[in-house]
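Those letters in the sequence shown? Residues 11 to 269, per my numbering, in order.
For glycine and all other residues, C-beta sits at the position ideal for the given N, C-alpha and C.
Just so we're clear, the structure is a prediction, and the values are computed from it rather than from any experiment.
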Amino acid sequence: MGQLEENEVAKQHHELCTALNIDATTAMQAWSSYKDMSHHYLLEGSQLHWLGCSLYVSCRKATVPTVNSNRTIEGNLVCLTSLLKQCKMSLNQFLSKCRKWADMCKLPDSFVVKITRLERNFAVSKVIFTKYLPMFKQMFKPPDLDELLMHVRHNKKKMIHATPTKVFEFTWILFVLTKAEYLDVSNDLVDAFHLLIATCDLIYANVIQSKLKDLVNLDFPGMPRGFLEPRYCPPDEGPCIISTLCKHYDGLSLAIKEY
Numbered sequence: 011m012g013q014l015e016e017n018e019v020a021k022q023h024h025e026l027c028t029a030l031n032i033d034a035t036t037a038m039q040a041w042s043s044y045k046d047m048s049h050h051y052l053l054e055g056s057q058l059h060w061l062g063c064s065l066y067v068s069c070r071k072a073t074v075p076t077v078n079s080n081r082t083i084e085g086n087l088v089c090l091t092s093l094l095k096q097c098k099m100s101l102n103q104f105l106s107k108c109r110k111w112a113d114m115c116k117l118p119d120s121f122v123v124k125i126t127r128l129e130r131n132f133a134v135s136k137v138i139f140t141k142y143l144p145m146f147k148q149m150f151k152p153p154d155l156d157e158l159l160m161h162v163r164h165n166k167k168k169m170i171h172a173t174p175t176k177v178f179e180f181t182w183i184l185f186v187l188t189k190a191e192y193l194d195v196s197n198d199l200v201d202a203f204h205l206l207i208a209t210c211d212l213i214y215a216n217v218i219q220s221k222l223k224d225l226v227n228l229d230f231p232g233m234p235r236g237f238l239e240p241r242y243c244p245p246d247e248g249p250c251i252i253s254t255l256c257k258h259y260d261g262l263s264l265a266i267k268e269y
């Protein structure tokens with residue numbers, strides 16, 4: 011790598027670290043690791059991608075003290091999604107290059123295990139999402155997928171009206187966050203699917219309890235009797251649609267109700 015090219019990459023590294031608010035120590039470690047690898051290996055493709063891999067590893071090695079002086083948190087809390095966005099890199103590209111980076115740097119097996127787990131987690135979520143859309147359409151009116159791609163800023167003081175699209179997004183985010191709390195569920199397709207059904211059941215019950223009639227699919231067999239009547243009074247507990255969804259999507263209702 012020539013001096014001009016190295017200067018340009020160094021500029022990219024600085025801009026990346028600034029955008030992610032990386033501390034100086036982690037930034038220096040990431041740059042040192044990148045320079046070392048670039049001198050020993052041919053780093054093909056976007057150098058920004060390799061910088062992202064180096065920075066990710068350095069971030070994982072960092073520790074953050076907690077209020078309890080005897081404990082620390084692994085990693086410096088940099089969001090992977092933000093890192094990928096700044097590096098203009100897809101998750102698949104990241105996983106592929108991170109494996110190569112781990113091999114070149116001879117990183118410990120524990121790091122490779124984390125990458126494998128992340129890869130498996132993504133694969134499970136990808137499959138589950140293909141099942142989620144038709145399931146959602148059965149319960150609710152279809153979301154506007156174009157609306158999901160738009161980044162609209164709302165006034166925090168303004169009440170945001172519930173729409174099928176917002177319910178679709180909220181349900182999926184709730185599922186993903188809950189799944190992340192349970193390692194066994196994150197990497198298991200069947201368990202993750204059961205969790206999705208449980209999440210949909212929870213959201214549907216809350217929509218019914220709130221009498222948000224403009225959100226529901228009127229043809230859904232799980233809709234409670236009399237829901238459309240003007241004087242409908244919801245019961246103390248929302249309807250359970252787990253069995254209804256299981257009949258359509260081959261789920262095990264007994265396993266799901268454990269959630």
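Should residue i go down as buried or exposed, given a rule of 16 or more other Cβ atoms within 10 Å for buried?
i    : result
M38  : exposed
V123 : exposed
L26  : buried
K107 : buried
Tell me whether the beta-carbon of residue i lies closer than 8 Å to the beta-carbon of residue j.
i    : j    : result
L225 : K151 : yes
I218 : P244 : yes
G62  : L105 : no
H59  : C97  : yes
Y51  : M145 : no
Just to check my reading of the structure: residue i and residue j have Cβ atoms closer than 8 Å, yes? What is that Cβ distance to the nearest angstrom?
i    : j    : result
S68  : S100 : Not quite, the Cβ-Cβ distance comes to about 21 Å (not below 8 Å), so this is no contact.
G261 : F203 : 7 Å
Y242 : M149 : Between M149 and Y242 the Cβ distance is about 18 Å, and since that is not below 8 Å, they are no contact.
R127 : N197 : 6 Å
K147 : Y259 : With 8 Å as the limit, K147 and Y259 do not qualify as a contact, their Cβ atoms being about 12 Å apart.
I183 : D211 : Their Cβ separation, rounded to whole angstroms, is 16 Å, which puts I183 and D211 out of contact at 8 Å.
T181 : T209 : 6 Å
Using DSSP with H/G/I as helix, E/B as strand and the rest coil, what is residue i?
i    : result
F150 : strand
S92  : helix
S48  : helix
A172 : coil
I251 : coil
N197 : coil
K136 : helix
H161 : A caution first: H161 carries a pLDDT of 47, below 50, which makes its placement in the model too unreliable to give a value.
K167 : Note that K167 scores a pLDDT of 48, beneath 50, so its modelled location is shaky; the value from the coordinates is reported in the next line. K167 falls in the coil class under three-state DSSP.
Y192 : coil
P144 : helix
E25  : helix
M99  : coil
Could you name the residues that DSSP lists as bridge partners for residue i?
i    : result
V226 : F150
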